[in-house]
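The letter at position 653 of the sequence shown is residue 862 when you use this note's numbering, and the numbering goes up by one with no holes. All C-beta atoms in this analysis are idealised placements derived from N, C-alpha and C, irrespective of residue type, glycine included.
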Amino acid sequence: MEDAPSGSLEELEHGQTREPRARTETVETHDAEDIPVDVRRLLDIATADAGISASKHSDILWEEDSEAMMEISGTVGSDDWGGKPKKRRKVRRKKTELTDEQAEIVGQANLAYSDGRHLEAVGLLHKVIQGAPNAYQAWATLAILHDELGDADRALRTLMMAAHLAPKDGVLWNRLGDRSRKAGHNEQALYCFSHAIRVDPTDLDSLWDRAAIFHERGMYQKAINDYMAILKIIPWNMPAVKELCKLYLSLHDTKRAIALFEGAMKADAEDPLPPSGIGSDGDNASEQSEDEGMDDAEIVTDIHGRPVGKNSRPVVPNTRVGYEELNMLSELHMDVGAYASAVAAIKRGCRRILHSADHVPETRDEVHEDDTDFIEDEGGQPIPLDLQIKLGICRLYLDDPITAQAHFQPLYAMPVTEYGDLYLDVADAYMKRNMYPNALAVLDVIKRDPELDAPMLWKKMGVCHSRLGNLMVAAHWFETVLQALPGDRGTRFELATVCDELGDDERYNELVSEMEAAQNRGDEEDDELPHAFGADISGMPFGVPSRDNQTELPLRKKLPSFIREEEIDPNTLRDKTTIEAAEAQKRKQTLAFHAQVMELYPRIHEKINRAEFLRTARKLLARFQNTRAFYPHDRAKLFTGVRTSRRRSQTASVAPDTDADEYRDLVEPRMDRPPDTVEFQGLKFAQWYDVFVKYAYVSVMDGKEEEAQDALKSAFDANVFFHDETMKIRLRLHMISVAIYAGNAVRVTELCRWFCAFKPFVNDVYRLYCAMQAGGSEAVSCFAMASSLKYFNRQMKLMEKSAKANPSSPDFRNPLLLTVYGHILQAGRSYHSASSLYVKALSICPDDPLINFSLGLAHIQRGMQRKSDNRHMHMMQGFTCVLRYYELRERSTEATYNVGRAFHHVGLNHLAVPYYEQVLAASAPGASEASQDLRGEAAYNLSLIYVTNGSPGLAQNLLRKYCTF
């Protein structure tokens, strides 16, 4: 924590205050319209109760400033001068002195009150108020009478009116705020406490109560401002420091929480408190005993809870940071992994406390120096047990297990029933350091306590046995946990892993199916933060909490233990600081999810890891898909960044060096902060794209093609990718790959059409259309289906229209489009129409081998049909084109095979045989064209010819030589 802020109150305040102190004071006493609506209503009811029905409270409290109005009239002329009408200014009405008669009536009311004639006194006071509505004493006495009569609501209204008549009575405003808060009127209480603080900025009670209300309502920054004001009045007041610590932790700002306690420790060193507790004279001890109400016969215990004698008195350390505060500070350091800082803080703080009582000298190098002074067995001073255990855990993380074991020894002498949480902390520390035999030894001790012998303890034991290779024992413990907690996903995951290692495929598949079924039902948490992979086994693997185990052994939460009891209502108001802190926490969660996804991806071939990958990636992608800024109503709208509260605060006129910017720098360092237009929640958009693609491929591997396509489609529709042409093309190619993997030929065809529409005059899109059609009857059917014919017919018309509009441009005469359309017609057996398209393509590219070959096949196929009116002409034209293709391909092995296959197709076997034999010779090992081996196909076709001609022996020799593996 070397980079933590300085410990001074001024620096702490400047580092976190987001708005000036004046902003928190919401009411001005000189403006009638600053009174909240609810308070105005109360004041009107109070005046009505007093019998003043003809006028409202404003007529009693305020009057027009005649001098100011005369000045305005003299400056701008008449009111109807044509400009903006001026607001009539009101000032507080001057107090009126009671007449002698009214004063006498007040005296009669006081006498009636003292005699117990309360109703008569109320009537007399009403009479006075009706004559002098702004008589403060009458209203105050009337409020007391209503209290005596048991009418608390009427008393509160009357006291509110009295307070407005005495605006500088801070004590009254504080009392009124306290009553309002107890009645549940928090807005009204804030109004009253703000008045009291305005009257006396050092009113600690009002500051504390207002801060507490702000805290309850989720307005954390205003609460921080008030607690900082308290610390300015009483520097390093530890109750205020603790409350500030809770607020900072609620804002996920552990750094500043640590800085508070470190600042208090620094104050102890530089400005120590005066001595207290048992001193050299006995009077101090006697005085303290009387103050604390201690009895001489009472048995006093030491810091471990052991009795030390009847007449002993505990020493009160003269330090701001006592053992309780040290415990909090060390837990904060450990929460962020700063174990060396935790050791230094514990030892330094304990030495200072012990120094005040026993004059133990302090040392400086706390981390590298041994802990002998704090180990009783080695003659050291005793310290609280929870601090000693934390010291041992820190030493364990600092790779000093021997010292850690020495710190743990005092715990082992204590009963598990009273110190079960400390035993669990030790066991968890051993497990996280992979010291499973030690962890098992501690867990066995915990298991002896019936209250702690719970499923979560069994799970920890199962994990330890699993890591030690005791798979059968681990499986037994996991099965036992599942019997008690059937919905525990983490245990099911661990058991599935063990079953896989044991080779129990039946149980493994059963567990995976149960996890998938629970996932489809949505029986899982949505936003939990994943822990280190396999490390935080005190909870679920990968941070998956179970809903069924909440009544059992409690899992460790993210907040330190000393604020776990605080639950903030999610429906409370949240100020800007709270929202920004929530966004920063969401960013951390997103980064943790992404790290987990990247960790799991190399292991997706295992079914259990694949299921965990999909579950985590789905949560990560949901954060992206649920962000409205990526999916605007107007698709043409470019992405300009996610509009968060932080960005909204920047749009306001805030100076660059304001406290808001300083607080933002705490959440996200200024130097390396990327612009909001290239990242979202800590991940660059290239990383989001990568997660979308990985999720799609893993989903289709798991047989979930629709989920994969939906994920890619949502990425395609997001404006951060939609306006990037390269990203759009890549995503469509990934969609095609997913569809091919799933064997969905119809979707492959539909996706390929998008490319044809996207770039209709680019040859590569039509090459892609043909190349993506896999083999098989379904692919052929999709290639030649009616919708494809209609689509390419429209493409043809578009090309013809563009060619007429640009007759001199060759870009709009696309032979590949003509050829593909001809292939589709030929696949649908429309050979005559296909021939006409091939002829058009041939006129553009006469030396293209593929067009010549396709035209030849179309003529041959047309000649084979019964409706051909000149069969021989078609055959002659067909073989002319096929042989021209043969020459254009320079008599390659492929061309030779195709010519032989064409002759074989029409029954000219004697012409086909030489070409097949050339293929067998050219494809032989050592031949010049061994790159394309077509020997198997040629040998099989040649064997068919031999069998047809009555030579089965030759056919058998060919098959044995070329078609046997």
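Selected residue, minimal CA-CA separation from residue i, among the options
i, options, result
"Gly-163", "His-394, Ala-1164, Ile-244 and Ala-1104", "Examination of residue 163 is not possible in this model, given that the chain is present from 210 through 1174 alone."
"Ala-473", "Arg-701, Thr-350, Ser-1045 and Arg-557", "Arg-557"
"Ala-549", "Glu-578, Arg-529 and Thr-528", "Glu-578"
"Leu-809", "Val-907, Gln-834, Arg-796 and His-685", "Val-907"
"Lys-999", "Gly-1031, Tyr-436 and Asp-973", "Gly-1031"
"Lys-1049", "Met-543, Glu-1009 and Val-1115", "Glu-1009"
"Lys-903", "Ala-321, Arg-812, Arg-1075 and Phe-1001", "Arg-812"
"Ala-995", "Val-955, Val-545 and Asn-446", "Val-955"
"Glu-1199", "Met-944, Trp-897 and Glu-934", "Residue 1199 is absent from the model: the chain starts at 210 and stops at 1174."
"Asp-630", "Gln-798, Asp-658 and Lys-641", "Asp-658"
"Arg-249", "Ala-341, Leu-328, Glu-396 and Glu-313", "Glu-396"
"Ala-705", "Gly-850, Leu-252, Asp-1056 and Leu-720", "Leu-720"
"Leu-333", "His-394, Val-315 and Tyr-532", "Val-315"
"Glu-723", "His-1119, Asp-697 and Gln-590", "Asp-697"
C-beta contact flag for residue i and residue j at 9 Å
i, j, result
"Glu-703", "Gly-678", "no"
"Asn-343", "Leu-374", "yes"
"Arg-941", "Ser-997", "no"
"Tyr-400", "Ile-244", "yes"
"Ile-949", "Phe-992", "no"
"Ile-443", "Leu-413", "yes"
"Asp-911", "Arg-819", "yes"
"Val-545", "Ile-602", "no"
"Val-947", "Trp-897", "no"
"Arg-844", "Phe-931", "yes"
"Asp-580", "Ala-615", "yes"
"Leu-711", "Met-681", "yes"
Where residue i falls: helix, strand or coil (DSSP)
i, result
"Glu-1103", "helix"
"Leu-482", "coil"
"Leu-892", "strand"
"Ile-584", "coil"
"Ile-281", "Residue placement at Ile-281 is flagged as unreliable, the pLDDT there being 45, under the threshold of 50; the coordinate-derived value follows with that caveat. Ile-281 falls in the helix class under three-state DSSP."
"His-674", "helix"
"Phe-970", "coil"
"Met-981", "coil"
"Val-545", "coil"
"Asp-356", "helix"
"Arg-882", "Any reading at Arg-882 needs caution, since the residue's pLDDT is 39, under 50, leaving its predicted position unreliable; the model's value is listed next. Coil, per DSSP."
"Ala-375", "coil"
"Glu-313", "helix"
"Pro-1024", "helix"
"Asn-835", "coil"
"Gln-597", "helix"
"Ser-722", "helix"
"His-1081", "helix"
"Phe-1062", "helix"
"Cys-1090", "helix"
"Pro-769", "Note that Pro-769 scores a pLDDT of 47, beneath 50, so its modelled location is shaky; the value from the coordinates is reported in the next line. In the structure shown, Pro-769 sits in coil (DSSP, three-state: anything other than H, G, I, E or B)."
"Pro-610", "helix"
"Leu-847", "coil"
"Gln-397", "helix"
"Thr-1173", "coil"
Between the CA atoms of residue j and residue i - distance to the nearest angstrom
i, j, result
"Thr-958", "Glu-1099", "34 Å"
"Gln-597", "Leu-605", "12 Å"
"His-355", "Arg-426", "31 Å"
"Tyr-1047", "Lys-922", "36 Å"
"Pro-1024", "His-1113", "29 Å"
"Gly-1087", "Leu-1163", "31 Å"
"Thr-886", "Phe-848", "7 Å"
"Ala-1147", "Cys-979", "25 Å"
"Ala-838", "Lys-893", "16 Å"
Cβ-Cβ separation, residue j to residue i (assumed contact under 8 Å), whole Å
i, j, result
"Asp-477", "Arg-529", "5 Å"
"Thr-350", "Ala-392", "Not confirmed; about 21 Å, so no contact."
"Asp-435", "Leu-416", "5 Å"
"Ala-347", "Val-337", "5 Å"
Any non-hydrogen atom of the ligand MN closer than 8 Å to residue i Cβ
i, result
"Val-1029", "With respect to small molecules bound, the structure shown includes none, and the ligand MN cannot be examined in it."
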